[in-house]
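Report on the structure given below.
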Amino acid sequence: MEDHGADAEHKLTEERLALLSVLQELTVAALDLLDPDRSADDFLDRVAERLGCMVALWLQSDAWGQVGLLGASGLSTASRQLPLPERPEADLPYPELASPGLVHWSVPINDAGPPSSVLLLYFDREPSLPRQYRGMVDRLCGVLRTALIHRRLFARTLDSERALQHERDFSSAVLDTARALVIVLDPEGRIVRFNRACQEMTGYSFEELRGAHFWTRLQPPEEAARVKRNFAVLAAGQGHEQYESHWMTRTGERRLISWSSNVLRGESGTIEYVIGTGIDITEHRRTEQERDQTFQREQQARARAEEQERRSALLAEASGLLTSSLAPKDALRSVAALTVRRFADWCAVDLLDGSPSPQRITEARSEALRATALARMHCALPDLEAAHGPGRVLRVGEPEFFPEGGASLSLGCVRDGQDLAEVVEFPSWISVPLLARAHALGALTLARMEGGGRYGQADFDLAQELARRAAMALDNARLYQQAQMAIGLRDEFLSIASHELKTPVTSLQLSVQGLMRLGRTGALRTAPVETVTHSLEVIERQAKRMAKLVNTLLDVSRIHAGRLELEFEEVDLAALVRDVAARFAPELATSGTRLQLHADRAMPGVWDRSRLDQIFTNLLSNAIKYGEGRPIEVRVEGDSVMARLEVRDQGIGIPAERHARIFRPFERAVSSRHYGGLGLGLHIVNQLVERMGGSVQVASEAGHGATFTVELPRRGPHASPAAEPPAHAGP
Amino acid sequence: MRIQIGKSRSADCIAAAREASQEALRGADAPTFALVLCTDQYDAVALASAVRKVLGDIPWAGCSAAGVFAGTELLLQGLVIALFLGDDFLVGVGMGGPVSESPRAAGRAAVAEAVSKLPPKPPGHRRALIILPDALSGNPTEVVRGAQQEAGAGIRWAGGGAGNNLRFVKTAQFTQGHAYQDQVVVIAFDAREPFGVGIQHGWSPYGPPSQVTKARGATAVELDYESAFEVYRRTAVSRGDSLDEQSFARFAMTHPLGIPQANGEFVIRDPLSVDPDGSVRFIAEVPDGSLVRVMEGKRTDLLDAAAGAATLAREATPGAVGGAVVFDCVSRYLLLEEGVQDELARFQNALGAGVPVVGCLTLGEVGAMGGGVPQFHNKTAVVVALPG
């Protein structure tokens, strides 16, 4: 009995342990049901395994009475597809339940109206389970009821979370799809969202910037403080909804963003987020700037082109004026007038004519200048000694340009009022020389008054071009005048030369004809010797005269052709002067002229003897010719370097204004009708003296005689210290 | 339905296939199917090729195991071929896997394929499914659950984990004339008479109940909030046995874990090893929250269980028995040692002299203990009696 009792006790203990084990295992397994994603099949498998069920079903009907299979163990895949009747437990269609003798337990999981659940357990026979198992299953279903409630709650929570997540995903997708930059910030300026466009533009991932203050990571340092202040205003719900700022990318590139910001308020009205929507306008702004620059360049180019066209037109018109007239001064006046209409407020042209002071050809004033100068305005001639201005330009032949009036100059203009004199200052002016063949012929000066604009480099270039053309016209006009004068001189020379040649020819012809008449009549044999001799002497004299004229012409021709050859030798100038003077004795006597000769001291030098003879012969014959019979004084002097020959007469003299011309060919100081000769003598003298390295000068006044002084280097033309420095010996 | 068995101890694949098939085919008339069981020394691929040649068009399936037996003859190196003869049944074979990736899906796929090979079950026919999962890959418990989920109830279940001689390196599953790994093979039978399945183990509680307070799949991390090994150790000490990590394997061989069932039975879990943290790994999963028991098995109880399983199978099959297939846990052999011969004799005796018996030593067994849904067991004997 005791053994039996112990066995029964042991069996009971084992049963209770098993009961407890199964309940605990299944209760723990039921926890998995809290997860709506876990199938109830797993739990029912465990139930079937532990309880020895053939089939375990969990049926659930919804609020509309539709029954569904929440989970099953022991049903084939095919069975699970079968439709269920509206009422649970009634004629379930599963073949697995068709076996005869099945025992089934039905345990409601909840009894409080729909939705309702029931646990159905099927055994293939009456289960050999202790009776407590019905109670255990009831208790298990209580657990399931709680689990089901939480499963549903959890399912709803998960659905809500999924819906929320879906909404977030949708929002993220929208944000990420948007091409605009979208950044979401909390009220402290920390980055909460950073859409894909932001990430692609900056090169930063959202995770890298999440939680960072955007101005510390994305703003250039110099903008950070300002942006932070502006954000504080924005986060306070005030202002700055539209603005532009720069972002720095990961690679250090600076991008310009146009922002539009808004705030997101919570239910209490407090600002929870600040949302910035931006567009990268870097390229757009760059394009705009380039377009503006292009437009400005085009405008400038157009203005330059128009200005250039204006200048070209001015030059063309000025050129027309300058070339249309052989009176250059008139043309320059017209050009000055044209210039003040187009280019300046004041324009003056000053010319150098060889006189000590320049001559102002014209001075033109613009309408504007005249309007300001109600009183009289005087402008002085340029001061050739001045440090700046037209005087200096005339002096040195270099242009001056003061675009900004840095050396503001009065240009010598003074405006006289009733009680005061006011210097007229031009803030911008140009003065350019009129250069022709490296010589300054004059100066063109342009000036603009205050408010007339500053001259630029292009204006300066235009002024120079204008001056160049004016100078060319002026020079051409002068050359034309000189050519005309030369033609006149040549014509006169030809007339004189013809006359000079015709006179001996006529005399020669008469003498020859006389001798021929005597010959034809046979009287030659009987004619007196004196008669024949006289005729022959006349012939000889006229022949010599002709030969002299021809030689003179040949000399001039050789000089001009550069073929005059000099034969230098040791010559005593004093002795040569004495010889020539002796040769002129008959003529001096004929003209009654007394010659005072001061050539006692020998003055040797290296010269061409015949040409030296020719020089003195010409000077002496001129002195006799124009000396009116008054005494002639000849002096030979010198030092170790130079020899000086002076021929002084007391004749008709030479006006000062003709001094420069008497050494030119075909020039003469007096009319050819009163004095014979070719007018080539002094020209030849001058040329010969220059060839021998010396110079000839004249000092004379009309009616007070003339003194010609010839200075010659005693060692020949190449020994002149001025011409050639002495050679140094040695290396 | 009857089976005709051939066997060979030859280590050579071709010779073994030839010898076993010749013996099985001797006098056989139009075999419908062949169950092929082999030990793990063979090159599985070469063996499959050899068997394929000798069996020709006969459909066949099987697995490797630590040992195979024909009748009472255990072959630790050998091959057995059981030819299924008769026109009173239909057979279909399916395979699913890899079980290491999705064991439940593998079980479902294998059943679905096997059943699909069968014509619609004629009225009154009974279906039986033999499951041969790779027990070294994945979770075989889930494989069985997947198979059950696909097949539904009203089916007789049997099977065993393909294994080896506890080197736990690799197993082989055979079907379609080829060898596979990491798969589960399901053989589906539809017969006029029901298959009798008996399942018993003979293990009884050794220690006090311990709650599984932390489990991770097949690993019991904590029992009663202590490391699982510590509970094992304390239980051993309370019974006068000493236990440490080194001696655990030997102790565990004879002291598995029992998971209580509502009907008083225990589902056995075979411990494999102790992890450094004191967790104990088992061949199959240990349910969290259950009150497990350290079990012990007396030699006589194990032998009685073998006889009981065979008897249950025999009794569940009305009429003559055309043969039997036995899935006996390899650890029982390791425990019984030479006594396994007695176990085989008990199978044979319970089934009846002259009943052809074929079987293997498995890594885990499949069966529905006391009816209901099938489970994966350890250290258990499963006997399938074929209706003659």
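Line by line, the protein sequences are chains A and B.
When we follow the numbering used here, the leftmost residue of the first sequence carries the number 3, and every step to the right adds one.
When we follow the numbering used here, the leftmost residue of the second sequence carries the number 671, and every step to the right adds one.
Quick reminder that beta carbons are idealized off the backbone N, C-alpha and C, glycines included.
Check	Outcome
Boundaries of the alpha helix (DSSP H) in which residue 773(B) is found, first to last residue	773 to 786
Residue 2(A): contacting residues in chain B (beta-carbon distance under 8 Å)	Any property of residue 2(A) remains undetermined from this structure, which presents chain A solely from 3 to 733.
Span separating the alpha-carbon of residue 688(B) from that of residue 694(B)	10 Å
Nearest-angstrom beta carbon gap, residue 735(B) and residue 809(B) [assumed within contact, 8 Å]	That belief does not hold up - the Cβ atoms of residue 809(B) and residue 735(B) are roughly 20 Å apart, past 8 Å.
Per-residue DSSP class, three states only, for residue 724(A)	With a pLDDT of 43 at residue 724(A), under the threshold of 50, the modelled position of that residue is not reliable, and the figure given next carries that caveat. Residue 724(A): coil per DSSP, three-state reduction.
Reduced DSSP category for residue 730(A) - H, G, I as helix; E, B as strand; rest coil	Low per-residue confidence applies at residue 730(A): pLDDT is 37, beneath 50, and the placement is therefore not dependable, though the value from the model is reported in the following sentence. Residue 730(A): coil per DSSP, three-state reduction.
DSSP three-state assignment for residue 345(A), whether helix, strand or coil	coil
Residues bridged to residue 704(B) (per DSSP)	730(B), 753(B)
Nearest candidate by alpha-carbon position, reference residue 2(A), set 474(A), 711(A), 643(A)	What the structure shows of chain A is the stretch from 3 to 733, and residue 2(A) is not part of that stretch, so it cannot be assessed.
Any chain A beta carbon closer than 8 Å to residue 1043(B)	yes
Three or more C-beta pairs below 8 Å linking the stretch 548 to 565 of chain A and the stretch 585 to 598 of chain A	no
Residue-chain proximity (residue 815(B), chain A), Cβ-Cβ < 8 Å	yes
Extent of the continuous alpha helix (DSSP H) run through residue 217(A)	216 to 219
DSSP beta-bridge partners of residue 451(A)	DSSP lists no partner for residue 451(A).
Own chain partners of residue 396(A) with C-beta closer than 8 Å, once the 5 adjacent residues on each side are dropped	352, 354, 360, 384, 386, 435, 442, 444, 445
Chain-ordered neighbours of residue 57(A) on chain B, where CB pairs are closer than 7 Å	823
Contact with chain A by residue 932(B), beta-carbon distance below 8 Å	yes
Chain A residues whose Cβ lies nearer than 9 Å to that of residue 866(B)	By Cβ distance, chain A contributes nothing, its closest Cβ being about 14 Å from residue 866(B), past 9 Å.
Any chain A beta carbon closer than 8 Å to residue 961(B)	yes
Simplified DSSP assignment, three categories, for residue 1057(B)	strand
Identified DSSP bridge partners for residue 765(B)	855(B)
Assigned exposure category for residue 873(B) - 16 Cβ within 10 Å defines buried	buried
Neighbour-count burial assignment, residue 124(A), 16 or more Cβ in a 10 Å radius	buried
Residue 55(A) (DSSP reduced to helix, strand or coil)	coil
Helix, strand or coil at residue 432(A) [DSSP, three-state]	strand
Alpha helix (DSSP H) segment containing residue 701(A), residue limits	Where residue 701(A) is concerned, there is no enclosing alpha helix (DSSP H), although the beta strand (DSSP E) it sits in stretches over 697 to 702.
Within 7 Å of chain A by C-beta, residues of the stretch 857 to 884 of chain B in sequence order	879, 881
Three-state secondary structure (DSSP) of residue 1059(B)	One cannot answer for residue 1059(B) here, as it falls past the ends of chain B, which runs 671 to 1058.
Cβ contact (3+ pairs, closer than 8 Å) linking the stretch 943 to 963 of chain B and the stretch 978 to 990 of chain B	no
Residue 726(B) versus residue 692(B) - alpha carbon distance	12 Å
Distance between beta carbons of residue 471(A) and residue 320(A), contact taken as under 8 Å	6 Å
DSSP-derived helix/strand/coil call for residue 620(A)	helix
Member of 465(A), 426(A), 350(A), 348(A) whose CA lies at the smallest distance from the CA of residue 401(A)	465(A)
For residue 72(A) and residue 827(B), the rounded distance between their alpha carbons	25 Å
Chain B within 8 Å of residue 47(A), Cβ atoms only	yes
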